[in-house]
Amino acid sequence: MIQPELLIYLFSINLDVLKRQTEGITHDESLMQLPFRGNCLNWTLGHILVSRDRILQILGEEMVLRPEEAELYASGSDPINESNAHKALRLEQLLAGLEVSQERLTAALKGMTYQDMQQISNERPLGQRLAFFFFHDTYHTGQTEILRQLTGKNDKVI
Numbered sequence: 002m003i004q005p006e007l008l009i010y011l012f013s014i015n016l017d018v019l020k021r022q023t024e025g026i027t028h029d030e031s032l033m034q035l036p037f038r039g040n041c042l043n044w045t046l047g048h049i050l051v052s053r054d055r056i057l058q059i060l061g062e063e064m065v066l067r068p069e070e071a072e073l074y075a076s077g078s079d080p081i082n083e084s085n086a087h088k089a090l091r092l093e094q095l096l097a098g099l100e101v102s103q104e105r106l107t108a109a110l111k112g113m114t115y116q117d118m119q120q121i122s123n124e125r126p127l128g129q130r131l132a133f134f135f136f137h138d139t140y141h142t143g144q145t146e147i148l149r150q151l152t153g154k155n156d157k158v159i
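So the sequence shown is numbered by my numbering: it starts at 2 and just counts up by one.
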């Protein structure tokens, strides 16, 4: 089963990728929508943060976003568009929130053991639940490469 230290390392890799993929991107660029079904960079980052908040909640830690901030980024929520873009958090706020979530996640996991990962949480071992959250985090982190290119950057950052 997965070790807490490995999760800390893996989530930190994703955060590094997110920071690199958003370097030089403006808030307005983060709201650019794909020409096909999908969502913008702002939503993707907010959605990752909402997911990381769920992990923090499971681990008994303080979440980063308030419920009203998280609503726009929830699973199944509508894409960000002209009618709701005013509710979108600033790109800088999302990135700062991801940093805080990493700090809190690291602190919570550092205090855990392999045995803690075996404890049943929602009918599965905690480690399995956290491994799924890592998969989800990575899935959306990978989407940021295309969303960066949508802004016209035409570069390779990783």
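Think of the CB as a built atom: it goes at the ideal place given N, C-alpha and C, for glycine as much as any other residue.
Residue 11 to residue 83, Cα distance in whole Å? Approximately 35 Å between the Cα atoms of the pair.
Determine whether the beta carbon atoms of residue 106 and residue 16 lie at a separation below 7 Å. It is not a contact, given that the beta carbons lie outside the stated cut-off.
Whole-angstrom distance between residue 61 and residue 42, CA atom to CA atom: Rounded to the nearest angstrom, the two C-alpha atoms are 28 Å apart.
Entirely enclosed alpha helix (DSSP H) segments - the segment 10 to 62, minimum 4 residues: Runs of the alpha helix (DSSP H) spanning 4 or more residues and lying entirely within the segment 10 to 62 occur at 28 to 31, 42 to 59, in chain order.
Start and end of the alpha helix (DSSP H) containing residue 140? Residue range 127 to 151 is occupied by the alpha helix (DSSP H) that includes residue 140.
Host alpha helix (DSSP H) of residue 115 (start-end): In the DSSP assignment, residue 115 falls within the alpha helix (DSSP H) that extends over 115 to 119.
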